[in-house]
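Chains as they are written, first to last, in numbering that gives the first Met the number 0: chain A, 0 to 332; chain B, 0 to 251.
Please read the structure below before turning to the comments.
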Amino acid sequence: MIVVGIESSAHTFGVGVVTDNEENFILADERVQYIPKHGGIHPRESSRFLAEKAPQILKNAFAKSSLNPLNIDAVAVALGPGLGPCLRVGATIARTLSAYLNKPLVPVNHAVAHVEIGLKLTGLKDPVTVYLSGGNTAIIAYLDKRYRVFGETLDIALGNLLDTFAREAGLGPPYVVGGLHVVDRCAEEGKKILPDFPYVVKGQDIAFSGLLTTALRALKRGVDLNDICLTLREIAYNSVLEVSARCLMHTRKKEIMLVGGVAASPILKDKFIEMAKMYNASIGVVPPQYAVDNGVMIAWTGLLGFKAGLSIDLKSAIVKQRWRIDEVDILWR
Amino acid sequence: MEIELPESIRKMLKESYAIVDNNGTRIMKILDSIELLSMGAESYIFKARFMGIDSVIKWRFPKPYMPKELDIQMRRYRTELETKILWKVLSIGIKAPTPLFVDLKDCFLIMTFIDGENFRDIVEKINNEDLCRISKTIGFYAGLLHKNDIVHGDLTTSNVIISKDSAVHIIDFGLAVITKRIEDKAIDVHIFFRSIESAHKKFENIMKNCFINGYKDAVNENFANKIINTVKNIRLRGRYIAERKLRSEWVT
Chain A
0 MIVVGIESSA HTFGVGVVTD NEENFILADE RVQYIPKHGG IHPRESSRFL AEKAPQILKN
60 AFAKSSLNPL NIDAVAVALG PGLGPCLRVG ATIARTLSAY LNKPLVPVNH AVAHVEIGLK
120 LTGLKDPVTV YLSGGNTAII AYLDKRYRVF GETLDIALGN LLDTFAREAG LGPPYVVGGL
180 HVVDRCAEEG KKILPDFPYV VKGQDIAFSG LLTTALRALK RGVDLNDICL TLREIAYNSV
240 LEVSARCLMH TRKKEIMLVG GVAASPILKD KFIEMAKMYN ASIGVVPPQY AVDNGVMIAW
300 TGLLGFKAGL SIDLKSAIVK QRWRIDEVDI LWR
Chain B
0 MEIELPESIR KMLKESYAIV DNNGTRIMKI LDSIELLSMG AESYIFKARF MGIDSVIKWR
60 FPKPYMPKEL DIQMRRYRTE LETKILWKVL SIGIKAPTPL FVDLKDCFLI MTFIDGENFR
120 DIVEKINNED LCRISKTIGF YAGLLHKNDI VHGDLTTSNV IISKDSAVHI IDFGLAVITK
180 RIEDKAIDVH IFFRSIESAH KKFENIMKNC FINGYKDAVN ENFANKIINT VKNIRLRGRY
240 IAERKLRSEW VT
């Protein structure tokens, strides 16, 4: 079975082709990323960029996999959650492809896809999933046919916190240089933890907006930037670690999996490895290439869904900007 | 035991006290029969006998992945606050552990041991009547806490113990704070509901309804409604909540 997956939820247009073979299941992995010259991702600008690049990426994917498009079994597409204009680019292409090739269309939840590709690549069976990216900060665990959100951010996401601060402090964009976030880089020179930065853990949930405001105020007052970076990072990372540890205890699971763009941070990874050691849990970190948005994860999750009998008619294949991971029935588990 | 105990606990294990009465003098250990009960997200929980009382030692261990100063600052702050709040909680008539000894240097707290079963483990086993009674009592206690401006901070089914006499005890005030904000109080309820959804989905309705009934018994109606509305608002703040749509582009 061969499934083509299309991802376009934010800044990445990705096309992945996968099979259900045990070995070398990835036949193609083509992607392009929108990097703003300054500021954050503007949905309109990003979507225009994606629409422009999409046909070439799609062509490349079919060429790489040396596949006759007629031989695929299904088209999978990330219908949400994400930025509306961007999602629509992928959805339009997927619907067209599905109609033209007369192949079933499989809807995929972007967050579920991050978890599923993680499971596939790390070999973990039933982990506590820590999903950290520019738009998401969630601690997820599987229970009764759904990925349940055990804890999440109540305001901004971890990636958003780091990027916004970096932007305001003039450290970025680009936000990630040489695999290291600019805030991580700036924190290396930090000497002390500043007092009175809010550490907000509410049971299983976290909040970062107060931390961001405090950091920005300190910046205005002229406090040492490196110290601010260090304090911001330590408080932010450790609150995520604390909630993850709590989820591990609450669900009594023995595995932790890191997914999403921010999970690629080597500093955060080291902290998680230390933490997992304390709890005798094994840890799986999704390789950075697949921890960020990509088409392969959509194709893979689409394949799982399609095998379980999931498909959608074209008329209902509408993007859902707001589509929580815990709203999706996991038919294949 | 592979865990290396902090210095002050090791010292206490060596100390003794003498009881002098009509039967003569007996030398007793201050602290003995220490065994690891469980490991929490931020602490080790030991069972031990402290001055002859069945006790629990909660030790907030140093975390190697945290910077030292931030780590010690938070551990001290939380240990101190937890102790203070436990006293307050007991004084307003909620069944909870009684603090017996606190050490802020090594960040541990000794409190009475509550013999019973974790609510989380028995939810699936007990009948609906008991399930409702317990949920209702938790709701009542939550209301009582909030009326006194205490927020538990981690009110989950794991943090409720049902003792042999089927009394409901609330434990782990490690994240508790004193606050007047409605928002913080509502988060307690939100957390409890979330723990039901993530671990006891099948009993969601009965547990939530009985909890709310109990809560309403403890506070006035106006306040209870305010809390319930705030809980709804908090839930809408999560990621990608469809109800929170801004434009009518969601077609169902």
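A virtual CB, placed ideally from N, CA and C, is assigned to each residue, including glycine.
Quick caveat: nothing in here was measured; it's all calculated off a predicted structure.
Endpoints, alpha helix (DSSP H) assigned at residue i
i	result
Glu187/A	Looking at the DSSP string, Glu187/A is not in any alpha helix (DSSP H), and its letter there is neither H nor E.
His168/B	Per DSSP, His168/B belongs to no alpha helix (DSSP H); it is in the beta strand (DSSP E), Val167 to Ile169.
Trp86/B	Lys67 to Ser90
Trp299/A	Gly294 to Lys306
Leu160/A	Leu157 to Glu167
Glu220/B	Glu220 to Leu235
Met110/B	Per DSSP, Met110/B belongs to no alpha helix (DSSP H); it is in the beta strand (DSSP E), Phe107 to Thr111.
Thr136/B	Asn127 to Lys146
Met0/A	Segment: none, Met0/A is in no alpha helix (DSSP H) and carries neither H nor E.
Gln288/A	Pro287 to Ala290
Val281/A	Per the sequence shown, the amino acid found at residue 281/A is Ser instead of Val. That residue, Ser281/A, is in no alpha helix (DSSP H); its beta strand (DSSP E) goes Ser281 to Val284.
Leu267/A	Pro265 to Met277
Ile2/B	Ile2/B -> no alpha helix (DSSP H), and no H or E assigned at all.
Thr156/B	It is not in any alpha helix (DSSP H) - Thr156/B carries neither H nor E in the DSSP assignment.
Residue i, enclosing beta strand (DSSP E) - first and last residue
i	result
Glu151/A	Arg145 to Glu151
Asn117/B	Gly115 to Asn117
Asn108/A	Leu104 to Asn108
Arg220/A	Arg220/A -> not in any beta strand (DSSP E); alpha helix (DSSP H) instead, spanning Ser208 to Arg220.
Tyr141/A	Thr136 to Leu142
Asp102/B	Pro98 to Asp102
Thr178/B	From DSSP, Thr178/B is part of no beta strand (DSSP E); its letter is neither H nor E.
Ile311/A	It is not in any beta strand (DSSP E) - Ile311/A carries neither H nor E in the DSSP assignment.
Phe12/A	Thr11 to Thr18
Ile255/A	Glu254 to Val258
Val261/A	No beta strand (DSSP E) contains Val261/A, which DSSP labels as neither H nor E.
Residues near residue i in its chain [Cβ-Cβ closer than 8 angstroms; skip 5 each side]
i	result
Val199/A	Ile205, Ala206, Phe207, Gly209, Leu210 and Ser238
Ala9/A	Ile40, Ser45, Gly81, Leu82, Cys85, Gly133, Gly134 and Asp292
Ile71/A	Ile1, Val2, Val3, Val16, Leu100 and Lys102
Pro42/A	Leu82, Gly83, Pro84 and Cys85
Gly51/B	Met27
Thr250/A	Val127, Ala140, Leu142 and Phe149
Residues of its chain near residue i, where Cβ-Cβ distance is below 6 angstroms and the 5 sequence neighbours each way are ignored
i	result
Ala110/A	Ile324
Ala262/A	Leu131 and Ala290
Lys135/B	Cys209, Asn212 and Gly213
His145/B	Lys184
His311/A	A quick correction: the sequence has Ile, not His, at residue 311/A. Correct list, in chain order: Leu104 and Pro106.
Beta-ladder partner(s) of residue i, from DSSP
i	result
Tyr16/B	Met27/B
Asp53/B	Arg48/B
His41/A	Bridge partners of His41/A: none, in fact.
Ser37/B	Ile44/B
Ile34/A	DSSP output for Ile34/A lists no bridge partner at all.
Lys201/A	Asp204/A
Glu339/A	Past the edges of chain A, shown from 0 to 332, lies residue 339/A, and the structure says nothing about it.
Glu6/A	Gly13/A
Val340/A	This structure leaves residue 340/A out entirely; chain A is present only between 0 and 332.
Arg59/B	Ser42/B
Integer-rounded CB distance, given that residue j should sit under 8 angstroms from residue i
i	j	result
Ala307/A	Trp331/A	4 angstroms
Leu313/A	Leu131/A	Between Leu131/A and Leu313/A the Cβ distance is about 34 angstroms, and since that is not below 8 angstroms, they are no contact.
Ala316/A	Arg87/A	Their Cβ separation, rounded to whole angstroms, is 11 angstroms, which puts Ala316/A and Arg87/A out of contact at 8 angstroms.
Ser162/B	Ile109/B	No, Ser162/B and Ile109/B are not in contact; Cβ-Cβ is about 19 angstroms, not under 8 angstroms.
Ala60/A	Val107/A	Their Cβ separation, rounded to whole angstroms, is 16 angstroms, which puts Ala60/A and Val107/A out of contact at 8 angstroms.
Ile190/B	Thr229/B	Actually they do not touch by this definition, with Cβ atoms about 13 angstroms apart.
Phe192/A	Leu69/B	A small fix is needed here, since residue 192/A is Ile in this sequence, not Phe. Their Cβ separation, rounded to whole angstroms, is 5 angstroms, which keeps Ile192/A and Leu69/B in contact under 8 angstroms.
Ile8/B	Tyr43/B	At roughly 10 angstroms, the Cβ-Cβ gap does not stay under 8 angstroms, so Ile8/B and Tyr43/B are not in contact.
Leu240/A	Lys201/A	Leu240/A to Lys201/A, Cβ: 16 angstroms. No contact.
Ile255/A	Ser243/A	7 angstroms
Ala49/B	Phe100/B	In the sequence on display, residue 49/B carries Phe and not Ala. Right, the Cβ-Cβ distance comes to about 7 angstroms (below 8 angstroms), so this counts as a contact.
Cβ-based neighbour list, residue i, same chain, cut-off 7 angstroms, excluding 5 preceding and 5 following
i	result
Pro197/A	Gly209, Leu210 and Thr213
Asn127/B	Ile205
Pro68/A	Phe61 and Leu100
Arg77/B	Arg59 and Gly173
Nearest neighbour of residue i, chosen from the options [CA to CA]
i	options	result
Leu231/A	Leu160/A, Ile116/A, Leu118/A and Leu96/A	Leu160/A
Ile155/A	Ala137/A, Arg145/A, Lys144/A and Asp143/A	Ala137/A
Leu235/B	Gly178/A, Leu153/A and Val148/A	Leu153/A
Lys124/B	Glu79/B, Ile149/B, Lys201/B and Gly142/B	Lys201/B
Asp28/A	Lys52/A, Ile56/A and Lys36/A	Ile56/A
Ala95/B	Ser37/B, His151/B and Val188/B	His151/B
Gly79/A	Asn225/A, Ala112/A and Leu96/A	Ala112/A
Tyr236/A	Ser264/A, Arg251/A and Cys246/A	Ser264/A
Ile266/A	Gly178/A, Val129/A, Ile297/A and Val285/A	Gly178/A
Leu229/A	Glu273/A, Thr250/A, Arg245/A and Val182/A	Val182/A
Beta-carbon neighbours of residue i, restricted to chain D and to distances below 9 angstroms
i	result
Ser157/B	Absence of chain D from the displayed structure is noted, the protein chains being A and B.
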